[in-house]
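Okay, so here's the structure we're looking at.
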Amino acid sequence: MPKTILIVEDQQVLREIMKDYLSDEGYRVLEASEGSQALKLFQEHEIDLIILDVMLPELDGWSVCRRIRKTSSVPILMLTARSDEDDTLLGFELGADDYVVKPCSPPILLARTKRLLESRQIGDSGDRLSGGGILLHLPSRTVTLDGKPCSLTHTEFEILACLMRNKGIIMTREQLITKIWGYDFDGDERTLSSHIRNLRSKLCEHAARIVTVVRSGYKFEEQP
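Per UniProt numbering, the sequence shown starts with residue 1, numbered consecutively.
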């Protein structure tokens, strides 16, 4: 069954270009021209990924992202006409998984879309990763802390899974960025730091299990 992508973009020409390109790749595409319409479609359909413009009439992309993150970890790819780093970091703090600066080429958009969807499907030799009271169920992409559910975004889950697969091993910032976003990622280390900060906040008393190694990177310790 084809994956369903929701495009939220108020510029009709750009929206149609993205729809045609993604449809040609076999994806089912839904369209919204403003925020409230996007939220309605999200509630009515099973969405696998959202391409979300920041600058929308009435309800902007930040607000849409914030509302969706209250109930879902669906991958969100933000579109922004700005290259301002503070705007980008705000998107990550609200739960966005990746971003593309407009105008963007369809191949770049497709590559980012495929990476997010494929990483969501990647499993492991086993169904679970566990350590220090944290349990990741890979097929369902769910997380529990001492048996209690914990809601993570797509990227937060990927970072935690990567660190837990390499318990006790220092993962450099460059290694994590490449594993999560790929070699062509055009952000910087502040992007990773923002996601790590959000992840630690959600892990509560388990946050200390993600250890910062000064001038090196991060590692997961069962007994920090």
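Cβ atoms here follow ideal geometry from the backbone N, Cα and C, with glycine treated the same way.
Compare the C-alpha of residue 237 against each of Gln-175, Arg-173, Ile-169, Asn-198 and name the closest. In the structure as shown, the chain starts at 1 and stops at 224, and residue 237 therefore has no counterpart that could be examined.
Relative to the C-alpha of Ala-81, which residue among Lys-202, Val-213, Met-171, Asp-10 is closest? Asp-10
Pick helix, strand or coil for Met-78, following the three-state DSSP scheme. strand
What is the DSSP secondary structure of Thr-212, reduced to helix, strand or coil? Strand at Thr-212.
Ala-38 - partner residues in DSSP beta bridges: None; Ala-38 has no bridge partner.
Within the continuous beta strand (DSSP E) that includes His-206, where are the two ends? That residue, His-206, is in no beta strand (DSSP E); it is neither H nor E in DSSP.
When the Cα atoms are used, what is the spatial distance from Thr-4 to Ala-208? Using only the alpha carbons, I get a separation of about 37 Å.
Which residue marks the beginning of the beta strand (DSSP E) containing Ala-32, and which one marks its end? 28 to 32
Can you look up Asp-124 in the DSSP assignment and give me helix, strand or coil? The pLDDT assigned to Asp-124 is 41, lower than 50, so where the model puts this residue is not dependable; a value taken from the coordinates is nonetheless given after this. DSSP, read as helix, strand or coil, puts Asp-124 in coil.
The region 65 to 80 touching the region 141 to 157, judged by at least three CB pairs closer than 8 Å: Three or more beta-carbon pairs separated by less than 8 Å link the region 65 to 80 to the region 141 to 157, which places the two stretches in contact.
Starting from the Cα of Thr-172, find the closest Cα among Ile-159, Gly-133, Gly-217, Phe-185 and give me that residue. Gly-217
In this structure, how does DSSP classify Met-1 when only helix, strand and coil are distinguished? In the structure shown, Met-1 adopts coil according to DSSP, grouped into three states.
On the three-state DSSP scale, how would you describe Glu-65? Before going further, note that residue 65 is Cys rather than Glu in the sequence given. Three-state DSSP puts Cys-65 in a helix.
Residue range of the alpha helix (DSSP H) that includes Cys-162: 154 to 165
Under the three-state reduction of DSSP, which class applies to residue 227: helix, strand or coil? With the chain running from 1 to 224 in the structure shown, residue 227 is simply not present.
Would you mind giving the Cβ-Cβ distance between Asp-67 and Leu-39, rounded to the nearest angstrom? I have them listed as a contact below 8 Å. Residue identity check: residue 67 is Arg in the sequence provided, not Asp. Right, their Cβ atoms sit about 6 Å apart.
Give every residue of the same chain whose Cβ lies closer than 6 Å to the Cβ of Met-18, excluding the five residues on either side of it in the sequence, and list them in chain order. Ile-7
Could you tell me the alpha carbon to alpha carbon distance between Arg-200 and Gly-35, rounded to whole angstroms? 29 Å
Contacts around Val-213, its chain only, beta-carbon distance under 8 Å, and the 5 residues preceding and following it disregarded: Ile-170, Lys-219
Anyone know if the C-beta pair for Arg-115 and Gly-182 falls short of 9 Å? yes
Exposure of Ser-119, with buried meaning 16 or more beta-carbon neighbours within 10 Å: buried
Using three-state DSSP, classify His-195 as helix, strand or coil. Helix, per DSSP.
In whole angstroms, what separates the C-alpha of Glu-222 from that of Met-55? Rounded to whole angstroms, Glu-222 and Met-55 show a C-alpha spacing of 42 Å.
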